[in-house]
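Participant: Protein chains in written order, with my numbering: chain A, 1 to 666; chain B, 1001 to 1134.
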Amino acid sequence: MKLIYKIILPIILIIGLSVFFVGFLSLRSIKSGLYQEEFLRFQDSILKNRVSLDPAYFSDSFPLSVQNKFEEFFDSVNMPAIARFIIWDTKQTAIFSDLKSLIGFYSPGHKDILRVINTGKAFFELKSIDYNEPVQGDIGDFLDVYAPLELNGQIVGVVEAHLVLESLVSPVNSQLKTIIAIMSGGGLLMLVSILLILRAFVIKPVNNLEKASREISKGNLAYLLSSFSTDEIGNLTRDFDKMRQALKLSIDNLEKEQKLTLKKSLELEKQNKLLSETGKAVMNLLEDGKILEENLKEERERLNAVIFSMGEGLIVVDSNLKVILINSTAEKLLEVSSEKAVGGKITDIVSLLKGEEKVLTEDLPVIKTLKTGEIIEIDLEDNCYYQLPSGKKFPVIFIDTPLRGDGITGAVVVFRDITDEKRLDESKTNFISISSHQLRTPLTAIKWFSEILLDDDEKTLNTEQKDYIGKIAQSAERMVNLVNLLLQIARVEMGRLNIESIPVDLRDLTQKMIASVKNILILKSQEVEIKTDPSNIPLVPMDKEIIWQVIMNLLTNASRYSPVGGVITISIVLKNQFVEYSVKDSGIGIPENQKALLFAKFFRASNAVKAVPEGSGLGLFLVKSLVEGWGGKIWFESVEGKGATFYFTVPLEGVKSKKGEVTLKV
Amino acid sequence: MIFCDIINNMNNKIKKLILVVEDEPNLLEAIKRKLEKENVNVLTAETGEQALGALEKQKPDLVWLDILLPGINGLEVLRSIRNNPLLKDLKVVAVSVSGGDDKIKEARALNVDDYIIKSENTLALITKRVLSYL
């Protein structure tokens, strides 16, 4: 509802109601004044005219003549508005009425008449038309007036008159209507002027404000608003305009920010796009991951199958030595069930012995693996045993491998019961040591008896016989050499050589060696030259016996295959990280087509067999094994018929000492 | 002749006694033959136990000791000799088929006078070397 209606309607209502009430109330007061006045006039008229009456008229008889007196009295009272006029006596009998039929009407207990008789005072009351009473035409409501007839100080009767109200009020009514009409006109005028004032000072500025707010709400923040009025609305308008300006400013800022935000959101969208692409990529990766996981699962199952079917015992421990996994071979060997072992410490199910001595927990290889991440391999030569809580023990080899996750999370121990290998190994060692004795003893006997025979002082043997015995002795000698070589090779191959590393002067060693084979060299008139570069070769930590064997083999070969009077040249050259040792001869050389096989076991070059039939084909094989054993290299250069040069290298750091069961020397 | 006899008697008187310990009978025989030819009296033992038994009865001038023996081996015989106050200065030459360093070292630690490897030498050379300790 518009503001104007909100203001106007109550005003109309208020004016209307005021007019109505004013009219009504004034009508009422005017009417009651009129009634009062009429009543007083009537009373006055009664009092004035009663003198014409005599108390005798009010006796029980109703003489006709009295009627005339009453008629006169009635006329003298004469009020134009009287519609009925009755004179009652004190016995409540109508003794006169303008309506003749009422004369003689007896109305005992008529309370209005009784009231007058009892109080002696007149009164009036308004009465609507009593249809029980006979009326003359439509005359409206009545004003009933009762007044006592007091003659000589005694109430002799009561006058009752019914005044027709209509006739009393009608002149007043028309006047009142005029007044109300004027009042209404004035109200209307007032209303219009209020309206105009409101319009000028309230409605219009409010409308302006409303329009402005509508415009602003539409977004037209540039809408100017002003007022010069100093009233509240003017203030409101100016405040509103201030608000608009503030709003405009903040919206402008907001827009700026919005632009920025938009820019940012565009970037964000870009990033989102990127992100969603990344997401897709991740999804793909996840899918790949799933496939991988499946593959992994398959792989794990396969691995489990391998672990549980493998012949070696396998135990996985965590960093606290707690058993995580144990395979069935390990269960069998350690006589423990997986249920019992898993979760417990590995040291509770097995202890490690080195030889006869128990290895302390802190010295266990697995501890070292857990600490350093080193892979530790314990082999046959380490002579280790596993001992069960029952006391049972068996020889073992094992390998400890770290499990790497976030750092070292555990270790895998794979072990094997090597009882059989150990037995085999022992029998092999026994074979070598026994054979070195058993094979050579009879050969020595042959040699020595041949020697005794050849030393024959009594000359019982002829030359031929002596020649035969000499051949027996020679063969026995070769046999001893062959057995020695075989035993040496067996020892090298077994990897059980005792290595005692001491600093070796290669030049000095070579000179001593040459001295030891002086007899052979003199026999063939051969000379050996030693060249060193630089002149003082550093000492190299080596096992003297081993390097002696190598050089001796090469030197005796050089002598053997070189002609009488040949020269053998030994060169010792210091290279970057090693010493290169070479033995050059002027011998038969090596046929091109046999070079590849020269270091093979039992191989002999065809020209060598021809030149020296008694060779074993084991010397170079042994030499190669020994050189490679210390981490050196061996090779040769040769042209058939023009000699050969054999080279080998010795690393400058030499070899480390190693405890073994056998020496190279047999 | 008388002079010769005197010399022979003197020789007999000063004839040295060597205990040869060798488990291989053939080798033992060869050694005995060779030593007797060199004018040395020879006592023989085929085992370490026999050797120790013989040493209880008679103190030789030298022991020719094989090292690899069944039962009590040569090194243990050597140790017994060195631990015996009556025998501890006895000359002992180890003559073994084996030239293993450890055995040589052990023998040297027990004050062996020499260590000779059988297969590397002729009997004549070994005999000469052993007799040099007399």
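Positions of the beta carbon are idealized from the N, C-alpha and C atoms, including for glycine.
Verify the CB distance criterion: does B/ASP1114 have a CB-CB separation below 8 Å to chain A?
Facilitator: On the second sequence, position 114 is the one that residue 1114 of chain B refers to. Not an interface residue.
Participant: In chain order, which beta strand (DSSP E) runs of at least 3 residues are fully inside the stretch 479-513 of chain A?
Facilitator: Listed in chain order, the complete beta strand (DSSP E) runs (minimum 3 residues) inside the stretch 479-513 of chain A are 501-504.
Participant: Based on DSSP bridge pairs, tell me the residues matched to B/ASN1041.
Facilitator: Working through the second sequence from its first residue, we reach residue 1041 of chain B at position 41. Bridge partners of B/ASN1041: B/LEU1017.
Participant: Spatial neighbours of A/VAL317 within its chain, please: C-beta separation below 6 Å, excluding the five flanking residues on both sides.
Facilitator: As a working note, residue 317 of chain A is residue 317 in the first sequence. Excluding positions up to five away in sequence, the list reads VAL323, ILE346, GLY410 and ALA411.
Participant: Sorted by chain position, which residues of the same chain lie with C-beta nearer than 6 Å to A/PHE648's C-beta, five sequence neighbours on each side aside?
Facilitator: Position 648 of the first sequence, counted from the first residue, corresponds to residue 648 of chain A. Hits under 6 Å: TYR581, VAL627, GLY632 and ILE634.
Participant: So with CB distances below 8 Å, who are the chain B contacts of A/LYS452?
Facilitator: Position 452 of the first sequence, counting from 1, holds the residue named residue 452 of chain A. It is Ile, not Lys, that sits at residue 452 of chain A in the sequence shown. Those are ALA1030, ARG1033, LYS1034 and LEU1123, listed as they occur along chain B.
Participant: Buried or exposed, going by whether 16 or more other CB atoms sit within 10 Å of the CB of B/LEU1028?
Facilitator: Counting from one through the second sequence, the residue named residue 1028 of chain B turns up at place 28. Buried, by the Cβ-count rule.
Participant: In chain B, which residues lie less than 7 Å from A/PHE449 when you measure between Cβ atoms?
Facilitator: As a first step, residue 449 of chain A is located in the first sequence; it is residue number 449 there, counting from the start. What A/PHE449 touches in chain B: ALA1030.
Participant: Say whether chain B places a C-beta atom closer than 8 Å to the C-beta of A/LEU443.
Facilitator: Here residue 443 of chain A refers to the residue found at position 443 of the first sequence. Output row for A/LEU443: interface = yes.
Participant: Going by the beta-carbon positions, is the gap between A/VAL19 and A/ILE46 smaller than 8 Å?
Facilitator: On the first sequence, residue 19 of chain A is found 19 positions in, with the first residue counted as 1. On the first sequence, residue 46 of chain A is found 46 positions in, with the first residue counted as 1. The answer is no: Cβ separation not under 8 Å.
Participant: Could you pull the start and end residues of the beta strand (DSSP E) that A/ARG50 belongs to?
Facilitator: The residue labelled residue 50 of chain A in the question sits at position 50 within the first sequence. No beta strand (DSSP E) holds A/ARG50; DSSP gives it neither H nor E.
Participant: Is the CB of A/SER436 under 8 Å away from at least one CB in chain B?
Facilitator: Position 436 of the first sequence, counted from the start, is the residue given in the question as residue 436 of chain A. Yes, because at least one Cβ of chain B sits closer than 8 Å to the Cβ of A/SER436.
Participant: What residue range is occupied by the uninterrupted alpha helix (DSSP H) comprising A/ARG404?
Facilitator: What you label residue 404 of chain A is simply residue 404 of the first sequence in a count that begins at 1. Note, A/ARG404: premise wrong, no alpha helix (DSSP H); beta strand (DSSP E) at 393-405.
Participant: Could you confirm whether any beta carbon from chain A is found closer than 8 Å to the beta carbon of B/GLU1024?
Facilitator: Against the second sequence, residue 1024 of chain B aligns to sequence position 24. Output row for B/GLU1024: interface = yes.
Participant: For A/GLN199, which residues in the same chain have their Cβ closer than 8 Å to its Cβ, ignoring the five residues on either side in sequence?
Facilitator: Counting from one through the first sequence, the residue named residue 199 of chain A turns up at place 199. It is Arg, not Gln, that sits at residue 199 of chain A in the sequence shown. Here the set comprises ILE4.
Participant: May I have the straight-line CA-CA distance separating A/LEU325 from A/ASP406, to the nearest angstrom?
Facilitator: Reading the first sequence from its first residue, position 325 is the one you call residue 325 of chain A. Reading the first sequence from its first residue, position 406 is the one you call residue 406 of chain A. Cα to Cα, the separation comes out at about 19 Å.
Participant: Could I get the ranges of all uninterrupted beta strand (DSSP E) runs contained in the stretch 539-627 of chain A, with 3 residues as the minimum, in chain order?
Facilitator: Taking only runs of at least 3 residues, the beta strand (DSSP E) segments lying wholly in the stretch 539-627 of chain A are 540-543, 567-574 and 578-584.
Participant: Is there a C-beta anywhere in chain A that falls below 8 Å from the one on B/GLY1074?
Facilitator: Counting from one through the second sequence, the residue named residue 1074 of chain B turns up at place 74. It does not; no Cβ of chain A falls within 8 Å.
Participant: Chain B partners of A/VAL480, CB-CB under 7 Å?
Facilitator: For the purposes of this step, residue 480 of chain A is taken as the residue at position 480 of the first sequence. The contacting residues are SER1119.
Participant: Would you mind giving the Cβ-Cβ distance between B/LYS1015 and B/VAL1040, rounded to the nearest angstrom? I have them listed as a contact below 8 Å.
Facilitator: As a first step, residue 1015 of chain B must be located in the second sequence, where it is residue number 15. As a first step, residue 1040 of chain B must be located in the second sequence, where it is residue number 40. That belief holds up - the Cβ atoms of B/LYS1015 and B/VAL1040 are roughly 7 Å apart, short of 8 Å.
Participant: What does the Cβ neighbour count give for A/VAL480, buried or exposed, with the cut at 16 atoms within 10 Å?
Facilitator: Along the first sequence, one-based indexing puts residue 480 of chain A at 480. Buried, by the Cβ-count rule.
Participant: Quick test of your reading: A/LEU537 and A/VAL579, contact by CB under 8 Å. State the CB separation rounded to the nearest angstrom.
Facilitator: For the purposes of this step, residue 537 of chain A is taken as the residue at position 537 of the first sequence. For the purposes of this step, residue 579 of chain A is taken as the residue at position 579 of the first sequence. According to the sequence as given, residue 537 of chain A is Ile; it is not Leu. Sure, about 6 Å apart at Cβ, within 8 Å.
Participant: Output needed in chain order: residues of the stretch 643-665 of chain A with a Cβ under 7 Å from some Cβ in chain B.
Facilitator: Cβ contacts with chain B come from THR663 and LYS665.
Participant: Whole angstroms is fine: what's the gap from B/ALA1097's alpha carbon to A/ILE489's?
Facilitator: For the purposes of this step, residue 1097 of chain B is identified with residue 97 of the second sequence, where counting begins at 1. For the purposes of this step, residue 489 of chain A is identified with residue 489 of the first sequence, where counting begins at 1. What sits at residue 1097 of chain B in the sequence shown is Val, not Ala. Cα to Cα, the separation comes out at about 18 Å.
Participant: With a threshold of 6 Å on Cβ separation, who are the neighbours of A/PHE415 within its own chain once the five nearest residues in sequence on each side are excluded?
Facilitator: Counting from 1 along the first sequence, the entry for residue 415 of chain A is found at position 415. Around A/PHE415: GLY313, VAL396 and PHE398.
Participant: So, A/LEU334 versus A/VAL350, is the Cβ gap smaller than 8 Å?
Facilitator: Sequence index remark: in the first sequence, residue 334 of chain A carries index 334 (1-based). Sequence index remark: in the first sequence, residue 350 of chain A carries index 350 (1-based). Yes, they are a contact pair.
Participant: Roughly how many angstroms lie between the CA atoms of A/LYS48 and A/VAL145, to the nearest whole one?
Facilitator: The residue given as residue 48 of chain A occupies position 48 in the first sequence. The residue given as residue 145 of chain A occupies position 145 in the first sequence. The alpha-carbon atoms of A/LYS48 and A/VAL145 are separated by roughly 16 Å.
Participant: To the nearest angstrom, how far is it from the Cα of A/GLU637 to the Cα of A/PHE603?
Facilitator: Along the first sequence, read from residue 1 onward, the residue named residue 637 of chain A stands at position 637. Along the first sequence, read from residue 1 onward, the residue named residue 603 of chain A stands at position 603. Approximately 18 Å, taken between the alpha carbons.
Participant: According to the Cβ coordinates, are A/SER450 and A/ALA476 closer than 8 Å?
Facilitator: Locating residue 450 of chain A in the first sequence gives position 450, counting from the first residue. Locating residue 476 of chain A in the first sequence gives position 476, counting from the first residue. A contact, by the Cβ cut-off of 8 Å.
Participant: What does A/PHE636 pair with, by DSSP beta-bridge criteria?
Facilitator: The count along the first sequence starts at 1 and reaches residue 636 of chain A at position 636. Paired residues: A/PHE646.
Participant: Can you tell me whether DSSP reads A/GLU150 as helix, strand or coil?
Facilitator: The residue you call residue 150 of chain A lines up with position 150 of the first sequence. Three-state result, A/GLU150: strand.
Participant: Around the Cβ of A/GLY615, are there at least 16 other Cβ atoms within 10 angstroms (buried) or fewer (exposed)?
Facilitator: One-based indexing of the first sequence puts residue 615 of chain A at position 615. Buried, by the Cβ-count rule.
Participant: Look at B/VAL1063 and B/VAL1092 and say whether their C-beta atoms are less than 8 Å apart.
Facilitator: The residue labelled residue 1063 of chain B in the question sits at position 63 within the second sequence. The residue labelled residue 1092 of chain B in the question sits at position 92 within the second sequence. Against a cut-off of 8 Å, the Cβ pair of B/VAL1092 and B/VAL1063 comes out as a contact.
Participant: Would you report the Cα separation of A/GLU299 and A/SER657, rounded to the nearest angstrom?
Facilitator: For the purposes of this step, residue 299 of chain A is taken as residue 299 along the first sequence, with counting starting at 1. For the purposes of this step, residue 657 of chain A is taken as residue 657 along the first sequence, with counting starting at 1. Roughly 44 Å between the two C-alpha positions.
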